[in-house]
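Asks: Before I ask anything, here is the structure I am working with.
Set out below in structure tokens:
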């Protein structure tokens, strides 16, 4: 076998793949070296020893050349592709919590139809949580097992402090802040009740909307608004929805127009 040929091929290889292919060509089961070794049986007895020594020398030479060239190519590959100025790996930063995603989606849906999102305290007085909402003392919602009261001095006018059991305390605050209609607000906040069982936790999120509408438009507007919202929200899209009006406060005169306040609540 021509030593000049295999030396040229091995030393001229350009990649690790190419050197691996040359290794198979010369040292593989059906490679050139094995073909030379197989030819020993056809060699005259007096020449077999010398012939075998030459073949082993060629084999060792090929092994040495391949190993040297492989190391060179590995070093070259590392030099070509390693850039110490490149930034390190960027690890994923996680994602928003499912509740945060729901709050963001609900807000975007209602902002498109003219609502604004407001935020009010999660700690309020009894007056803000109950009295201003026509829930007088003795109302079942004001019982200790329904509301989390704070161990703090009571206010002479607004009574004890509570963790807000619902987002409705934001309605009166928003009406007081705006002063005159129209009012289109949504309030998404944490609520607290001292309940803990398979279906209740002491803290949950509540979403509440409050629009100001003429009384004759209350029901159509309510249904259209709720259906549009539920159809847009991913978690209810494509499902059959039945709407039931739970709270309608009305019958105040504004000039010649009856004005109604409608709100609905979603808990999650």
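In the working numbering, the protein residues as written are 233 to 500. Note that the Cβ used here is the ideal one computed from N, Cα and C, for glycine as well. Values in this document were obtained by computation on a predicted structure and should not be read as measured data.
1. Buried or exposed: which applies to residue 327, given that a residue is buried once 16 or more other Cβ atoms fall within 10 Å of its Cβ?
2. Determine contact between the region 401-419 and the region 347-363, defined as no fewer than three beta-carbon pairs at a distance below 8 angstroms.
3. I'd like to check one pair, residue 257 with residue 250: are the Cβ atoms closer than 8 angstroms?
4. Nearest by alpha-carbon distance to residue 443: which of 244, 349, 266 is it?
5. Considering Cα atoms alone, identify which of 426, 440, 238, 439 is closest to residue 295.
6. Could you compute how far the alpha carbon of residue 476 sits from the alpha carbon of residue 365?
7. What separation, rounded to the nearest whole angstrom, lies between the Cα atoms of residue 379 and residue 321?
8. Tell me whether the beta-carbon of residue 417 lies closer than 8 angstroms to the beta-carbon of residue 406.
9. Is the separation between the beta-carbon of residue 437 and that of residue 422 shorter than 8 angstroms?
10. According to DSSP, residue 387 sits in a beta bridge with which residue or residues?
11. State buried or exposed for residue 338, treating a residue as buried only when at least 16 other CB atoms are found within 10 Å of its CB.
12. What do you get for residue 220, buried or exposed, if any count of 16 or more other CB atoms within 10 angstroms of its CB means buried?
13. Please report how far the alpha carbon of residue 247 lies from the alpha carbon of residue 278, in whole angstroms.
14. Within a Cβ cutoff of 8 angstroms, which residues of the same chain sit near residue 426, ignoring the five residues on either side of it in sequence?
15. Answer with buried or exposed for residue 449, where buried requires no fewer than 16 other C-beta atoms within 10 angstroms of its C-beta.
16. Could you compute how far the alpha carbon of residue 266 sits from the alpha carbon of residue 260?
17. Are the CB atoms of residue 373 and residue 397 within a distance shorter than 8 angstroms?
18. Just confirm the distance between the C-beta atoms of residue 283 and residue 272, as a whole number of angstroms; I'd bet it's less than 8 angstroms.
19. What separation, rounded to the nearest whole angstrom, lies between the Cα atoms of residue 269 and residue 244?
20. Does DSSP classify residue 441 as helix, strand or coil?
21. Straight-line CA distance for residue 446 to residue 412?
22. Along the alpha helix (DSSP H) that carries residue 238, what are the first and last residues, could you check?
23. Tell me, please, which residues DSSP counts as bridged to residue 422.
24. What does residue 348 pair with, by DSSP beta-bridge criteria?
25. Which residues mark the beginning and the end of the alpha helix (DSSP H) in which residue 357 is found?
26. Assuming contact is defined by CB atoms lying nearer than 8 angstroms, are residue 242 and residue 318 in contact in what I supplied?
27. What whole-angstrom Cβ distance do residue 395 and residue 355 have, given they're in contact under 8 angstroms?
28. By a C-beta neighbour count over all protein chains shown, 10 Å radius and 16 as the cutoff for buried, is residue 334 buried or exposed?
Replies: In this structure, then:
1. exposed
2. yes
3. no
4. 349
5. 238
6. Confidence is the limiting factor: at residue 476 the pLDDT is only 45, short of 50, which leaves the residue's position unreliable, though a coordinate-based value still follows. Using only the alpha carbons, I get a separation of about 21 angstroms.
7. 50 angstroms
8. yes
9. Cβ distance < 8 angstroms, so residue 437 and residue 422 count as in contact.
10. 391
11. buried
12. In the structure displayed, the chain extends from 233 to 500; residue 220 sits before or after that span and is not available.
13. Rounded to whole angstroms, the separation of the alpha carbons of residue 278 and residue 247 is 42 angstroms.
14. 376, 377, 378, 379, 380, 434
15. Caution applies to residue 449, whose pLDDT of 48 falls short of 50 and renders its modelled position unreliable; the value that the coordinates give is listed next. That one is exposed.
16. 8 angstroms
17. Taking 8 angstroms as the cut-off, the Cβ atoms of residue 397 and residue 373 count as close.
18. 6 angstroms
19. 26 angstroms
20. strand
21. Per-residue confidence for residue 446 stands at a pLDDT of 47, beneath the threshold of 50, marking its modelled position as unreliable; no derived number is given.
22. 235-243
23. 437
24. According to DSSP, which records beta bridges pairwise, residue 348 is partnered with 417.
25. Taken as a continuous stretch (DSSP letters only), residue 357 belongs to no alpha helix (DSSP H), being part of the beta strand (DSSP E) at 355-357.
26. no
27. 6 angstroms
28. buried
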